[in-house]
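Read through the structure below, which is laid out as structure tokens, and then see the notes.
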Amino acid sequence: MSQALNSLKADGKTASSQEVQKKIDELEFQKYTLESGINWGQCRNETGKTLAVYGSKPDVKDYPYETGIYFLADGKTTKNKWDCQGIYLPIDIKAVGLMPDGQNQELAGAVAIKIPDGSKLVVKNNTDTGEVEFNMPGTKVLKADEANWFVPKVSQEVLDTRVTNAPSN
Numbered sequence: 285m286s287q288a289l290n291s292l293k294a295d296g297k298t299a300s301s302q303e304v305q306k307k308i309d310e311l312e313f314q315k316y317t318l319e320s321g322i323n324w325g326q327c328r329n330e331t332g333k334t335l336a337v338y339g340s341k342p343d344v345k346d347y348p349y350e351t352g353i354y355f356l357a358d359g360k361t362t363k364n365k366w367d368c369q370g371i372y373l374p375i376d377i378k379a380v381g382l383m384p385d386g387q388n389q390e391l392a393g394a395v396a397i398k399i400p401d402g403s404k405l406v407v408k409n410n411t412d413t414g415e416v417e418f419n420m421p422g423t424k425v426l427k428a429d430e431a432n433w434f435v436p437k438v439s440q441e442v443l444d445t446r447v448t449n450a451p452s453n
């Protein structure tokens, strides 16, 4: 994050753009929230369907992944201080996500979207387009071979059959 912030500040010296300044302000705020000691993220599901979220790995011997995958019911928010580290986008779902560089990116399913600590991600379904939308940028889009997170290749229909088990309010 510091590297992205320094790069934007250098760009800002050569180009006086409100957009560059906005990105700098957002990154400085994100840096402040991380340094303030909030070391967990929160996720809210407003998709009308079950949402797969990533959290702490289960207390299972020899568990092979860095995170566990849990299921959050529609209309629910993960509990305070329970670290929602990201969400899973099923293989048959399309999404439009705002990336850290400020650009919208169309995302195809079977990916995990990591969120920064200290953030509250709201995931919604756009009724006009049918695409999933996010209220904030993710920090990284991860495919199965890019991180030690379990990133299955399953449909939304499969997620909807799961019992919801993410700690929620």
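By the numbering used here, the letter at position 150 of the sequence shown is numbered 434, and the numbering carries on one by one without gaps.
Built from N, CA and C at the ideal position, the CB exists for glycine as well.
Specify, as a first and last residue, the run of the alpha helix (DSSP H) that residue i falls within.
| i | result |
| --- | --- |
| residue 441 | 440 to 444 |
For residue i, count the other beta carbons within 10 Å of its own beta carbon; 16 or more makes it buried, fewer makes it exposed. Which is it?
| i | result |
| --- | --- |
| residue 338 | buried |
| residue 305 | exposed |
| residue 325 | buried |
| residue 427 | exposed |
| residue 446 | exposed |
| residue 329 | buried |
| residue 452 | buried |
| residue 344 | exposed |
| residue 362 | buried |
| residue 437 | exposed |
| residue 307 | buried |
Note the first and the last residue of the continuous beta strand (DSSP E) segment covering residue i.
| i | result |
| --- | --- |
| residue 535 | The first residue shown for the chain is 285 and the last is 453, placing residue 535 beyond what the model contains. |
| residue 425 | 424 to 426 |
| residue 417 | 416 to 418 |
Taking the alpha carbon of residue i as the point to measure from, which residue in the options has its own alpha carbon closest?
| i | options | result |
| --- | --- | --- |
| residue 388 | 302, 443 and 421 | 421 |
| residue 399 | 409, 369 and 333 | 369 |
| residue 425 | 373, 336 and 453 | 373 |
| residue 331 | 444, 450, 449 and 364 | 444 |
| residue 448 | 401, 359, 323 and 307 | 359 |
| residue 313 | 341, 357, 403 and 302 | 403 |
| residue 371 | 301, 441, 322 and 407 | 407 |
| residue 459 | 323, 335 and 322 | The requested residue 459 is not part of the displayed model; the chain covers only 285 to 453. |
| residue 405 | 441, 418 and 413 | 418 |
| residue 439 | 311, 413, 333 and 302 | 333 |
With a cut-off of 8 Å, does the C-beta of residue i fall near any C-beta of chain D?
| i | result |
| --- | --- |
| residue 408 | Judged by its chain identifiers, the structure shown contains no chain D, having just a single protein chain. |
Checklist entry - Quick check: the segment 391 to 398 against the segment 360 to 380, are there 3 or more CB pairs under 8 Å? => result yes
Item to check | Sufficient close CB pairs (3 or more, under 8 Å) joining the segment 419 to 436 to the segment 346 to 361 | outcome: yes
Item to check | Length at least 3, wholly inside the segment 370 to 413: the beta strand (DSSP E) runs in chain order | outcome: 370 to 373, 378 to 382, 388 to 392, 395 to 398 and 404 to 409
Checklist entry - Which runs of the beta strand (DSSP E) spanning at least 3 residues fall entirely within the segment 296 to 364, listed in chain order? => result 326 to 330, 335 to 340 and 351 to 356
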